[in-house]
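Asks:
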Amino acid sequence: NIFSGCYMFTYDRNKCSNPLCSGGMGLPRLGGQGGKGGDVWMVSKKEVTLKRIHDKYPHKRFVAGVGANSSVKGLKGEKGGDYELHVPVGITVTNDDGRVMGELNAEGDRVLVAKGGQGGSFHSAFTPSKGQTKHIRLDLKLIADIGLVGFPNAGKSSLLTVISHASPQIANYAFTTLRPEIGKVMYDDHKQISVADLPGLIEGAHLNKGMGHKFLKHVERTKQLLFVVDVCGFQLASKTPFRSAFEAVQLLTKELELYKEDLLSKPALLVVNKMDLPDAEHKLEELREQLENPEEFSHLLPHDMIPRTNLAFRDVVPVSTITGLGLDQLKRRLRGSLDEEAAKASEPLHRERLGALRPSRTPLPVWGP
Ligand SMILES: Nc1nc2c(ncn2[C@@H]2O[C@H](COP(=O)(O)OP(=O)(O)OP(=O)(O)O)[C@@H](O)[C@H]2O)c(=O)[nH]1
Ligand SMILES: [Mg+2]
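Numbered by the UniProt record's numbering, the letters in the sequence shown go through residues 1 to 369 in order.
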């Protein structure tokens, strides 16, 4: 599974008596300085997958080179070679203690994970110091423009199938989708946007229930959210409560809020699916009304599941993946929303460039005839 995390033990090695001492030995007689031990780096490459790393390096140990000892010929010992492990784009590197050491979001990004030790010198009585030993974790989070957020069975995979070329598995039971799948939605001007079909979220996901955190961490790396609800509501099992479309929206919002409130600052759209089912129009009207005054209907939810802030959806788009209703409109709205954000992001740069083009205060010389 290329989306799962992978542990690694990382250290520098030295040939001298202390195996973790990665600098070279100094040379006391001539004041010579040993070379520094090599560093261990993570470097992102598009073609790499976690699975490939996993298969290729079963030992999960990565060791940089040893600094050269100082000698009469080379008083300053050469630095040990760095070790670069190629990892997929979208990796977060986390330390033993859960501290994030860095993120590799673009091809060629680099994160230093373990520093080589200093070579022995006058200041250290010519004894080299140890290189760092790090036990790290690599997590690959998905990067897509849009992430589909919904309870199981809402029709997320069906939706991806009809708006993109992806063909995820579809079935009439919960948790059909077990891992993310990305579909590319194509436009006439050849622009593409990527949509991630994610496993269904269930109540308690923030406590790691269901696909829980596995799901939620993928949501972090999408630019915008597309909530998908079944217009007729959802019931996970006979023992769990039935949830209407409105309750589904609020519960999904709350799960994201409890996991990481920042997620709710992403632009979001709402798809109301299965509009071909009986009484769908009436239920949609009811949902719209409830979304307009969510506080009035908060008594429908368990007290601790009322979201602190209600999501302001940019649009509510009714669709049916079976009849095709609303799909063109949805594609247009997705594109519109992404373009809008991109324009906002480039606005300051635009202003700066315009500023630079403004005429200076000193008048230009005027040449006579
Ligand atoms: N009537 C009707 N059924 C639909 C529609 N879209 C999807 N379905 C059905 O709903 C069921 C679930 O669809 P999926 O696309 O697998 O749902 P999902 O949200 O991906 O489910 P998980 O992967 O379990 O989270 C399937 O039986 C689909 O055929 C629709 O527009 N109308
Ligand atoms: Mg699915």
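Note that beta-carbon positions come from the ideal geometry of N, C-alpha and C, so glycine has one too.
Grab the span of the alpha helix (DSSP H) containing H54 for me, first residue to last.
Replies: L50 to K56
Asks: Bridge partners for P318 per DSSP, in chain order?
Replies: V272
Asks: Assign L357 to one of two classes, buried (16 or more other C-beta atoms within 10 Å of its C-beta) or exposed (fewer than that).
Replies: exposed
Asks: Whose C-beta lies closer than 6 Å to the C-beta of E78 among residues of the same chain, with five residues either side of it excluded?
Replies: G35 and A68
Asks: Can D188 be considered in contact with ligand 2, in the sense that its beta carbon sits closer than 7 Å to one or more heavy atoms?
Replies: No, the beta carbon of D188 sits no closer than 7 Å to any heavy atom of ligand 2.
Asks: Would you be able to state if there are at least three C-beta pairs under 8 Å between the stretch 273-282 and the stretch 226-241?
Replies: These segments touch.
Asks: May I ask you to verify whether the stretch 297-313 touches the stretch 342-357, counting CB pairs closer than 8 Å and requiring at least 3?
Replies: no
Asks: Three or more C-beta pairs closer than 8 Å, one from the stretch 156-164 and one from the stretch 193-200: is that the case here?
Replies: yes
Asks: Just the C-alpha distance for I322 and I170, rounded to the nearest angstrom, thanks.
Replies: 13 Å
Asks: For ligand 2, is there a heavy atom less than 7 Å away from the beta-carbon of S298?
Replies: Ligand 2 never approaches S298 closely enough for any of its heavy atoms to be under 7 Å from the residue's Cβ.
Asks: Taking 8 Å as the cut-off, decide whether the C-beta atoms of S164 and K191 are in contact.
Replies: No, Cβ-Cβ distance for S164 and K191 is not below 8 Å.
Asks: Determine the extent of the alpha helix (DSSP H) in which R110 is found, giving its start and end residues.
Replies: Not the alpha helix (DSSP H): R110 falls in the beta strand (DSSP E), residues R110 to A114.
Asks: Any idea if Y57 is buried or exposed, counting beta-carbon neighbours within 10 angstroms, 16 or more meaning buried?
Replies: exposed
Asks: Could you check which residue in H206, K223, A248 and A268 has the C-alpha nearest to that of K260?
Replies: H206
Asks: Can you name the residues that DSSP bridges to Y259?
Replies: Answer by DSSP bridge pairing: none, since Y259 is not bridged.
Asks: DSSP state of M211, grouped into three classes?
Replies: DSSP, reduced to helix, strand and coil, places M211 outside both helices and strands of the structure shown, so it counts as coil.
Asks: Indicate the three-state DSSP secondary structure (helix, strand or coil) for F175 in the structure shown.
Replies: coil
Asks: Can you tell me whether L287 sits near ligand 1, meaning its C-beta is under 7 Å from at least one heavy atom of the ligand?
Replies: no
Asks: Need the endpoints of the beta strand (DSSP E) that K156 sits in, please.
Replies: K156 -> not in any beta strand (DSSP E); alpha helix (DSSP H) instead, spanning K156 to I163.
Asks: Is there at least one non-hydrogen atom of ligand 4 closer than 7 Å to the beta-carbon of A343?
Replies: Ligands in the displayed structure: ligand 1 and ligand 2; ligand 4 is not one of them.
Asks: Under a Cβ-count criterion, where at least 16 other Cβ atoms within 10 Å of its own Cβ denotes burial, should F246 be classed as buried or exposed?
Replies: buried
Asks: Let me know the secondary structure DSSP gives E285 once reduced to three states.
Replies: helix
Asks: According to the Cβ coordinates, are E220 and K141 closer than 8 Å?
Replies: yes
Asks: Round the Cβ separation of G147 and Q33 to the nearest angstrom and send it over; I've been treating them as touching at under 8 Å.
Replies: G147 to Q33, Cβ: 52 Å. No contact.
Asks: Report the CB separation of G108 from I143 in whole angstroms; it is logged as a contact under 8 Å.
Replies: G108 to I143, Cβ: 15 Å. No contact.
Asks: Between S157 and ligand 2, is the CB less than 7 Å from at least one heavy atom?
Replies: yes
Asks: Determine which residues share a DSSP beta bridge with E103 and list them.
Replies: T92
Asks: Taking the alpha carbon of M42 as the reference point, which residue from R29, H350, L112 and L338 has its own alpha carbon closest?
Replies: L112
Asks: For T222, which residues from the same chain have a beta carbon less than 8 Å from its beta carbon, with the 5 sequence-adjacent residues on both sides left out?
Replies: L142, I143, A144, D145, I146, G147, A196 and K266
Asks: Taking the C-alpha atoms as reference points, what is the distance between T176 and R61?
Replies: 36 Å
Asks: Helix, strand or coil for A144, going by three-state DSSP, please let me know.
Replies: strand
Asks: Using alpha carbons as the reference points, say which of Q235, V149, T240 and A174 lies closest to K217.
Replies: V149
Asks: Take the Cβ of V249 as the centre, count every other Cβ of all protein chains shown within 10 Å, and call the residue buried at 16 or more, exposed below.
Replies: buried
Asks: Using 10 angstroms around the beta-carbon of A106, count the other beta-carbons present and answer buried if the total reaches 16, otherwise exposed.
Replies: exposed
Asks: Pick helix, strand or coil for S265, following the three-state DSSP scheme.
Replies: helix
Asks: Identify whether E308 lies in helix, strand or coil by the three-state DSSP scheme.
Replies: The sequence given here has Arg at residue 308, not Glu. Looking at R308 - three-state DSSP - the assignment turns out to be coil, as it is neither helix nor strand.
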